[in-house]
Amino acid sequence: MRVALVTETFLPKVDGVVTRLVATLEALARQGHEVLVLAPPGAPKELAGHRVLAAPGVPFPWYPEHTAARPAPALARAVTAFAPDVVHVVNPVFFGAWGAWLARRRRLPLLASFHTDPKVVERLGLAWFKRPLEVLDRELHNLADVNLCTSPQMVALARGLGIRRVRLWPKAVDSQRFHPDAATPAARARLSGGAPEAPLVVYAGRVSFEKRVDTLAEAVLALQASPAGRAVRFAVVGDGPALPWLRERLAGTPTTFTGFLAGDELAAAYAAGDVFAFPSDSETLGFAAIEAMAAGVAVVATDAGGIPHIVRHGVNGVLVPPGDGAALAASLLGLLQDEEERRRLACAGRAEAERWSWDAATEALVARYRQAVRVRRLAARRRAR
Numbered sequence: 001m002r003v004a005l006v007t008e009t010f011l012p013k014v015d016g017v018v019t020r021l022v023a024t025l026e027a028l029a030r031q032g033h034e035v036l037v038l039a040p041p042g043a044p045k046e047l048a049g050h051r052v053l054a055a056p057g058v059p060f061p062w063y064p065e066h067t068a069a070r071p072a073p074a075l076a077r078a079v080t081a082f083a084p085d086v087v088h089v090v091n092p093v094f095f096g097a098w099g100a101w102l103a104r105r106r107r108l109p110l111l112a113s114f115h116t117d118p119k120v121v122e123r124l125g126l127a128w129f130k131r132p133l134e135v136l137d138r139e140l141h142n143l144a145d146v147n148l149c150t151s152p153q154m155v156a157l158a159r160g161l162g163i164r165r166v167r168l169w170p171k172a173v174d175s176q177r178f179h180p181d182a183a184t185p186a187a188r189a190r191l192s193g194g195a196p197e198a199p200l201v202v203y204a205g206r207v208s209f210e211k212r213v214d215t216l217a218e219a220v221l222a223l224q225a226s227p228a229g230r231a232v233r234f235a236v237v238g239d240g241p242a243l244p245w246l247r248e249r250l251a252g253t254p255t256t257f258t259g260f261l262a263g264d265e266l267a268a269a270y271a272a273g274d275v276f277a278f279p280s281d282s283e284t285l286g287f288a289a290i291e292a293m294a295a296g297v298a299v300v301a302t303d304a305g306g307i308p309h310i311v312r313h314g315v316n317g318v319l320v321p322p323g324d325g326a327a328l329a330a331s332l333l334g335l336l337q338d339e340e341e342r343r344r345l346a347c348a349g350r351a352e353a354e355r356w357s358w359d360a361a362t363e364a365l366v367a368r369y370r371q372a373v374r375v376r377r378l379a380a381r382r383r384a385r
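Quick note: the sequence shown uses this note's numbering, first residue 1, plus one each step.
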């Protein structure tokens, strides 16, 4: 198939949406499909053999590292010349809204994917925008012939907002890269601050308040204040706008800040830990938790958003109430003190992650592309009567 992909976020920015897009584009190439990617400024010119067009942009005031893409006539001409079988808009708000409008104007089959819980704007100090964003989400997604969400919880949320024709986009992980064998003595020494024999808790992801790094800090401080938790070391892997705040909050604790890591370095960081802490309560899926499970590390995560679709309490991980740093600390310490339970959960998580391949998830996506084509053809026939 020929797919025009219009996305609000792309490389060089790295987050869960971009992780999914990159892996999906690689899988689409392996399966013989061709994609034209329309992305924000700074995007590479090519990915996995697919052409990438970077749109002009404007700074996004609430995310200084993100530039919002804006439409341009040259982009519309490029889509027309490409002659796609289907248009896929990712998280349509601004640039994606233009992509949806273009698909409808050209009467092209349209699939839209929903990746962000509108409540996230509350953490950005934009609570007033939550209701307008919900309305915008509903109106834009209901232009699509098919809508996709990345977890059953997000499917329910989308339907609750009044979005129609919603289906599930299966989860996936590169279980060859993220693997227990990625662990190295060097990574363990680095992340533990030179104390590789000490218990080690790892957090990996964007360092921002919507990821509830305030809850992470509360848990670290609680552990450090208890005699049983004083020996625990912590590692924060990632970057983001809350990093200066988190560094200051955890000053004096045995916490290592690695900055942004990717590829084999990131895989080694996951595998270095004894337990993975994931306090975010705004995840539509939670790729960091999936990658930690694939790395063979027991996960303690928040019982919110898409996380329960991945982590099943007592089966392949531990779930704690959102925003509860004391509960997070207690669960982390409990697993650090119970090696048998920690290993059981880690093995169960790894076994489950091995079933989630990118090729299978992408085949399911292509099936939804074909469904969008059928729906659009049927609508055209009805109009012709």
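Every residue, glycine too, gets a C-beta built ideally from N, C-alpha and C.
All values reported here derive from a predicted model rather than from experimental measurement.
What residue range does the beta strand (DSSP E) around residue i cover?
{"i": "R167", "result": "V166 to L168"}
{"i": "A277", "result": "V275 to F278"}
{"i": "G259", "result": "T255 to G259"}
{"i": "A39", "result": "E34 to A39"}
{"i": "R106", "result": "Segment: none, R106 is in no beta strand (DSSP E) and carries neither H nor E."}
{"i": "A48", "result": "Looking at the DSSP string, A48 is not in any beta strand (DSSP E), and its letter there is neither H nor E."}
{"i": "L5", "result": "R2 to T7"}
State the start and end residues of the unbroken alpha helix (DSSP H) segment that holds residue i.
{"i": "H141", "result": "K130 to H141"}
{"i": "V387", "result": "Residue 387 lies beyond the range of the chain shown here (1 to 385); nothing can be said about it."}
{"i": "Q337", "result": "G325 to Q337"}
{"i": "D264", "result": "G263 to A272"}
{"i": "I163", "result": "Counting along the chain, I163 falls outside any alpha helix (DSSP H), and DSSP gives it neither H nor E."}
{"i": "E363", "result": "W358 to A384"}
{"i": "I290", "result": "F287 to A294"}
{"i": "R190", "result": "P185 to L191"}
{"i": "A29", "result": "G16 to R30"}
Tell me which same chain residues have a C-beta within less than 7 Å of the C-beta of residue i, skipping the five on either side of it?
{"i": "A348", "result": "V315 and N316"}
{"i": "V173", "result": "I290, E291, A294, A353 and W356"}
{"i": "R70", "result": "A55, P56, G57, V58 and F95"}
{"i": "V220", "result": "F234, L250, T253 and T255"}
{"i": "A76", "result": "L102"}
{"i": "V320", "result": "V300, T302, D303, A327, L328 and S331"}
{"i": "V52", "result": "V37, A39, A43, P44, K45 and E46"}
For residue i, write down the residues that DSSP places opposite it in a beta bridge.
{"i": "T302", "result": "V320"}
{"i": "S113", "result": "V90 and L148"}
{"i": "P59", "result": "T67"}
{"i": "F234", "result": "V201 and T255"}
{"i": "H313", "result": "G317"}
{"i": "V52", "result": "V37"}
Which residues in the same chain as residue i place their Cβ atom closer than 8 Å to its Cβ, once the five residues preceding and following it in sequence are excluded?
{"i": "E122", "result": "K130"}
{"i": "A83", "result": "R2"}
{"i": "I163", "result": "F114, D137, R138, H141, N142 and N147"}
{"i": "R206", "result": "D15, G238, D239 and G240"}
{"i": "V18", "result": "T9, F10 and L11"}
Give every residue of the same chain whose Cβ lies closer than 6 Å to the Cβ of residue i, excluding the five residues on either side of it in the sequence, and list them in chain order.
{"i": "V202", "result": "A235, G273 and F276"}
{"i": "E134", "result": "P118 and L161"}
{"i": "S192", "result": "A198, L200 and R233"}
Pairing CB atoms from the segment 128–143 with CB atoms from the segment 70–87, are three or more of them under 8 Å?
no
Should the segment 168–179 be called in touch with the segment 190–204, which here means at least 3 C-beta pairs below 8 Å?
no
Counting beta carbon pairs with one atom in the segment 248–265 and one in the segment 291–306, are three or more of them shorter than 8 Å?
no
Does the contact criterion of 3 or more C-beta pairs under 8 Å hold for the segment 368–380 versus the segment 307–314?
no
Would the segment 103–121 and the segment 267–279 be scored as touching if the rule is three or more Cβ pairs under 8 Å?
no
Can you confirm whether the segment 323–341 touches the segment 130–150 when touching is taken to mean that 3 or more C-beta pairs between the two stretches lie within less than 8 Å?
no
Stretch pair the segment 29–42 + the segment 6–20: three plus CB contacts closer than 8 Å
yes
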